[in-house]
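Encoded as structure tokens, the structure appears first; notes follow it.
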Amino acid sequence: MKVLVAVKRVIDYNVKVRVKADQSDVDLANVKMAMNPFCEIAVEEAVRLKEKGIASEIVVVSMGPKAAQEQIRTALALGADRGVLVEHEGEMDSLTVAKALKAIAEKEQPQLVILGKQSIDSDNNQTGQMLAALNGWSQGTFASEVVVEGDKVQVTREIDGGLRTVSLKLPAVITTDLRLNEPRYAALPKIMQAKRKPLEETTLSELGVTPKTSLTKVKVEPPAERQAGIKVSSVEELVDKLKNEAKVLS
Ligand code: AMP
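FYI, in the working numbering the residues of the sequence shown are 275 to 524.
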């Protein structure tokens, strides 16, 4: 079974994000970039399927600037077999990404496409759902367990207040939640080997996809700064402040 995994290049989650002075966007100048954490979980799951003898080949796809090759190489070092970079400078909305993934899926004919549940930069949480809809495939979103059984895949989904298990007919789309697995680190020899693995480059126009967006980014604002805390000297003082300053007690 061939597995396609979509990985996105985003700001490293350890970086304190700065907003541009004109509030038009997040400042990406000299900022460390990395693979979206939910995509790392997607790669790990695909590699585990390969180790179990279920997946025969893992193809990793990323759409973005040339530098997104780094994230593809990371996925190759973690155990993926081949990479495809859809080179595109500038923003791409989820529908464009989903259409490009559909075009790649038509060519590659995977049985399973694994994506992260959301990108930590845009927080869209929609690409996997859009891809499933465009293909007319079943989808298991927010997966915390994946079990492939013949021509079906059983996905345990994290939903509000519990878990829901669904059985999907292959081919299917899965999006990963945090508890699905703990991604491994790439060992140095694997990083070296990954440099020799095939990485194909293409463009949206070669895939027959026209990038369009129906939304405009109006403004980006950082979260409000937290006020410094204070120490209170007694329970009475604490209760007084909760009542009269924070006004959370009456
Ligand atoms: P989103 O819908 O943007 O929150 O992203 C959900 C998932 O879609 C990500 O975790 C990736 O697996 C995939 N994805 C979104 N954008 C891209 C991209 N530019 N390149 C590759 N995969 C992407």
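No residue lacks a Cβ here, since even glycine has one placed at the ideal position from N, Cα and C.
Among all the DSSP beta bridges, which residues are the ones paired with I332?
-> By one-based count along the sequence shown, residue 332 stands at place 58. According to DSSP, which records beta bridges pairwise, I332 is partnered with V277.
If we ignore side chains and look at the alpha-carbon of each, how far apart do S441 and V387 end up?
-> Within the sequence shown, the letter at position 167 stands for residue 441. Within the sequence shown, the letter at position 113 stands for residue 387. Roughly 15 Å between the two C-alpha positions.
Measure from the alpha carbon of N288 to the alpha carbon of each residue in D425, A308, G414 and M466, then state which is nearest.
-> Position 14 of the sequence shown, counting from 1, holds the residue named residue 288. Ranking D425, A308, G414 and M466 by CA distance to the CA of N288 puts A308 first.
Kindly examine ligand 1 and report whether one of its heavy atoms sits closer than 7 Å to the Cβ of L389.
-> As a position in the sequence shown, residue 389 is number 115, starting the count at 1. Correct: L389 has its Cβ closer than 7 Å to ligand 1.
Does the Cβ of M337 lie closer than 7 Å to at least one heavy atom of ligand 1?
-> Indexing the sequence shown from 1 puts residue 337 at position 63. Residue side-chain check: M337 places its Cβ nearer than 7 Å to a non-hydrogen atom of ligand 1.
Excluding five sequence neighbours on each side, which residues of the same chain lie with their C-beta closer than 7 Å to the C-beta of K376?
-> Along the sequence shown, one-based indexing puts residue 376 at 102. A distance below 7 Å between beta-carbons, with the five flanking residues on each side excluded, links K376 to the following residues of its chain, in chain order: L405, L408 and N409.
Beta-carbon spacing of I465, A351 below 8 Å = Position 191 of the sequence shown, counting from 1, holds the residue named residue 465. Position 77 of the sequence shown, counting from 1, holds the residue named residue 351. Annotated as proximal: I465 and A351, with beta-carbon spacing under 8 Å.
Residue of E432, A498 and W411 minimising C-alpha distance to E419 = Start at 1 with the first residue of the sequence shown, and residue 419 comes out as number 145. Answer by Cα proximity: E432.
Tell me whether P472 is buried or exposed, calling it buried when 16 or more other Cβ atoms sit within 10 Å of its Cβ.
-> Translated into the one-based positions of the sequence shown, residue 472 becomes position 198. Counting other Cβ atoms within 10 Å of its Cβ, P472 stays below 16 and is therefore classed as exposed.
For G353, which residues from the same chain have a beta carbon less than 6 Å from its beta carbon, with the 5 sequence-adjacent residues on both sides left out?
-> Against the sequence shown, residue 353 aligns to sequence position 79. Cβ within range, chain order: V321.
With a 10 Å radius around its C-beta and 16 neighbouring C-beta atoms as the bar for buried, classify A280 as buried or exposed.
-> Counting from one through the sequence shown, the residue named residue 280 turns up at place 6. Buried, since its Cβ has 16 or more Cβ neighbours within 10 Å.
Same chain only: Cβ atoms within 6 Å of T487, ignoring 5 sequence neighbours per side | Looking up residue 487 in the sequence shown gives position 213. Same-chain partners within the cutoff: D367.
Simplified DSSP assignment, three categories, for A308 | For the purposes of this step, residue 308 is taken as residue 34 along the sequence shown, with counting starting at 1. Three-state result, A308: strand.
Taking buried to mean at least 16 other C-beta atoms within 10 Å of its own C-beta, is Q501 buried or exposed?
-> Taking the sequence shown and counting its residues from 1, one reaches residue 501 at position 227. Q501 is exposed by the Cβ-count criterion.
Okay, do the segment 476 to 493 and the segment 438 to 457 touch, 3+ Cβ pairs below 8 Å being the bar?
-> Touching, no, given that fewer than three Cβ pairs across the two stretches are closer than 8 Å.
Pairwise C-alpha distance: Q383 and I346 | Here residue 346 refers to the residue found at position 72 of the sequence shown. Here residue 383 refers to the residue found at position 109 of the sequence shown. Spanning the alpha carbons of I346 and Q383 requires a straight line of approximately 20 Å.
From the DSSP output, in three-state form, read off S368 for me.
-> Here residue 368 refers to the residue found at position 94 when the sequence shown is read from its first residue. S368: helix per DSSP, three-state reduction.
State buried or exposed for I332, treating a residue as buried only when at least 16 other CB atoms are found within 10 Å of its CB.
-> Residue numbering aside, residue 332 sits at position 58 when the sequence shown is read from its first letter. Label assigned to I332: buried.
Quick one: give me the first and last residue of the alpha helix (DSSP H) that L408 is part of.
-> Here residue 408 refers to the residue found at position 134 when the sequence shown is read from its first residue. T401 to N409 is the extent of the alpha helix (DSSP H) around L408.
3 or more residues per run - each beta strand (DSSP E) lying fully within the segment 400 to 461 | Runs of the beta strand (DSSP E) inside the segment 400 to 461: 412 to 423, 426 to 433, 436 to 443 and 446 to 450.
contact_flag[the segment 450 to 465, the segment 411 to 426] where n(CB pairs < 8 Å) is 3 or more | In this structure the segment 450 to 465 lies against the segment 411 to 426, because at least three pairs of beta carbons, one per stretch, are closer than 8 Å.
Take the Cβ of E325 as the centre, count every other Cβ of all protein chains shown within 10 Å, and call the residue buried at 16 or more, exposed below.
-> The sequence position of residue 325 within the sequence shown is 51, counting from 1. Flag for E325 reads exposed.
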